[in-house]
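Notes follow once the structure below has been shown.
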Ligand code: SF4
């Protein structure tokens, strides 16, 4: 029977299958961060269990770390306890840990690919919903809870039931000013936040094929915002090129063997998907979110929607609540919305290509006086590369702050947050109530759109730049 | 894990769709390294104002819902972050069962690891149960029968057999999987042969 890419990876990782279809799936790569792991390690200790394959794990503290001067360590007591706990746990169980001052330190979903830890055809999990990012390499990558983190540590497997197959095709071409972020926002706006529930999504079509690996990561990153278990893209030459020579990529003879295996990782021509959605690349314009769910998207040249025109009652209530939280009136022109802060970073848009695109637009310009803007590179390596290219200077000269890597204002667990009612153009992935700080108002956009907003002081159409 | 016993309780009804785990337990409470003690912070920003006073019209702040063991909510409950702190907070508050039209995947799985039963029912049942909540009527959840009993009605719900067994028996699934160690070893041996780059990581 013809198989999808997901079917193939699933079958290759099946350790044991119960009669009811509940399966033990082998986990090739496990990423760990400080927030979702302490209770898992504690569980291991209580159960007197060991980590089955320490070298298939890689850990980093990213959520809690300060992005300002780190030479004195972490001020916040609780954050420090959590980061220290991870460091000690890794030591005790023999797991590699990138500490805060290590150049390779960064957001967990950025360092995996950078190190070549992320590879095609593998099963990758992490106690973090944005693990889907790694699907950009043709890996089956998904987020799990802390109990499952413990299960993976102890057994190097996971109990799973198979999801259904969903193919999302983006055909044609993207217009100028439209980025990978706009593609995924448009997709979520189209299928809804629960549109992918129960599915693994394979992204396909010319637009996806033509994206760079970094852009593919942006798309896969937000698959979870569409509710899917995972999102993946068939690996190709670009994928292999990206991985070649990375510190943890296969070497020598293994590289050739891996390459041979990876080249066969694609859905069979005649395979069937349980669900299919097609979007035309030409129909996508730069997107902005107006509400508190990632599906609340509008084109930048559009208007804040009016709940009175919504027929679904539950949806109408949700829209009214969102507008109230966001402090917006129906029918307001999107580009009339003034902003206070700009955040460029996160595992969605904190890679070098994102910073390059932002800097290109920003060069020789100043951001609006009332706007507070920060750039938080996704990793130490991204930061180093950007500084080598002089991007840090462009940002700083324009009025941006240039920070140390970490999750930062994506979820505001460290000191970087919005104050109540502050409005932010953010390149992160979630606009939930309180996500960037209690009462904070988030508009999700691409890095280019974030820069446009920073310069004008209000949400703006990057195509007019 | 504690065994799941049948529940009888006046349910609390939160008629909102897309309740995300950031709402269930905001990030400032994720800095803990323990599983316990999160109940007081459940739905923190919806339950308490900026000064920390409880917000009157939030359902879980009021009697009898303060003591509800069952929470009913709008569809796509538990979306967003994978944080298991969400079910930990619900459990610590006393919630043992969540009823919705649909759940986000990771949250749904996380519930079972903590002895919480998430039940999926059709929209009309959600509404009927919500009405029971409004009338402050008890509803009963019988897990082995897979049945919700309310008023003079009852409704059967679907549930994965393996998950049901784990709940009823309070099983530790790591112990169960470790029983399969032989299979894992065989798998790894094949892996060494077929994909040598996986296990030596390079
Ligand atoms: S950058 Fe944001 S979404 Fe990504 S791992 Fe960090 S907190 Fe999660």
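Protein chains in written order, with the numbering used here: chain W, 67 to 531; chain P, 1487 to 1688.
We put the beta carbon where it would ideally sit given N, CA and C, even for glycine.
If you compare the alpha carbons of 353(W), 530(W), 333(W), 497(W) with that of residue 1566(P), the shortest gap goes to 497(W).
Within the segment 74-149 of chain W, complete beta strand (DSSP E) segments of at least 3 residues are found at 80-83, 89-92, 95-99, 123-126, given in chain order. The C-beta distance from residue 514(W) to residue 424(W) rounds to 7 Å, short enough to meet the 8 Å contact threshold. Residue 350(W) places its beta carbon 8 Å or farther from that of residue 285(W). Counting C-beta atoms within 10 angstroms of its own C-beta, residue 1675(P) has fewer than 16 neighbours from the protein chains shown and is therefore classed as exposed. Following the DSSP letters along the chain, one finds residue 1673(P) inside the alpha helix (DSSP H) bounded by residues 1667-1680. The segment 325-344 of chain W and the segment 299-306 of chain W touch, with no fewer than 3 CB-CB distances between them shorter than 8 Å. Of the candidates 518(W), 472(W), 266(W), 518(W) places its Cα closest to the Cα of residue 366(W). Going by DSSP, residue 296(W) is part of the beta strand (DSSP E) stretching over 296-298. For residue 396(W), no beta strand (DSSP E) run applies, since DSSP gives it neither H nor E. Close to residue 186(W), with beta-carbon spacing below 8 Å, lies no residue of chain P; the smallest spacing is near 11 Å.
Where residue 1595(P) is concerned, the enclosing alpha helix (DSSP H) starts and stops at 1591-1598. Straight-line spacing of the CA atoms in residue 169(W) and residue 447(W) works out to 6 Å. The DSSP-derived three-state label of residue 303(W) is helix. At least one heavy atom of the ligand SF4 lies closer than 7 Å to the C-beta of residue 495(W). Annotation for residue 184(W): no alpha helix (DSSP H) segment contains it, and DSSP assigns it neither H nor E. For residue 392(W), the closest C-alpha among the options 371(W), 206(W), 410(W), 376(W) is that of 371(W). Taking a cut-off of 8 Å for Cβ pairs, the segment 332-347 of chain W and the segment 355-365 of chain W do not touch, as fewer than three such pairs fall below it. In this model, residue 415(W) and residue 159(W) are separated by some 32 Å (Cα to Cα).
The Cβ atoms of residue 1632(P) and residue 1608(P) lie no closer than 8 Å to each other.
For residue 343(W), the three-state secondary structure derived from DSSP is strand. Between residue 182(W) and residue 315(W), the gap from beta carbon to beta carbon is short of 8 Å.
Separation of the CB atoms of residue 1535(P) and residue 1541(P) is rounded to 6 Å, and the pair is thereby assigned contact status at 8 Å. Nearest CB-CB separation between residue 101(W) and chain P: below the 8 Å threshold. At a beta-carbon threshold of 9 Å, the residues of chain W lying near residue 1664(P) are 115, 220, 221, ordered along the chain. In its chain, beyond the 5 residues on either side, 93, 96, 191, 210, 224 have a beta carbon closer than 8 Å to the beta carbon of residue 218(W). Listed in chain order, the alpha helix (DSSP H) elements of length 4 or more contained wholly in the segment 1595-1667 of chain P are 1609-1620, 1647-1655, 1659-1664. Distance from the Cα of residue 1509(P) is smallest, within the candidate group 1555(P), 1559(P), 1684(P), for 1559(P). At least one CB atom of chain W sits nearer than 8 Å to the CB of residue 1648(P).
Against residue 210(W), the close residues of chain P are 1568, 1592, 1595, in the order they occur along the chain (beta-carbon pairs closer than 8 Å). The residues 417, 419, in chain order, have a CB closer than 6 Å to that of residue 280(W) in the same chain once the five nearest residues on each side in sequence are set aside. What residue 174(W) touches in chain P, judged by beta-carbon distance under 8 Å, is nothing: the nearest beta carbon there is about 12 Å away. Residue 292(W) and residue 1496(P) have their alpha carbons spaced roughly 33 Å apart. In the structure shown, residue 382(W) falls within a helical segment according to DSSP collapsed to helix, strand and coil. Segment contact: the segment 188-204 of chain W against the segment 228-235 of chain W, fewer than three CB-CB distances shorter than 8 Å; contact not assigned. Put simply, the segment 498-508 of chain W touches the segment 471-478 of chain W. At least three CB pairs are less than 8 Å apart.
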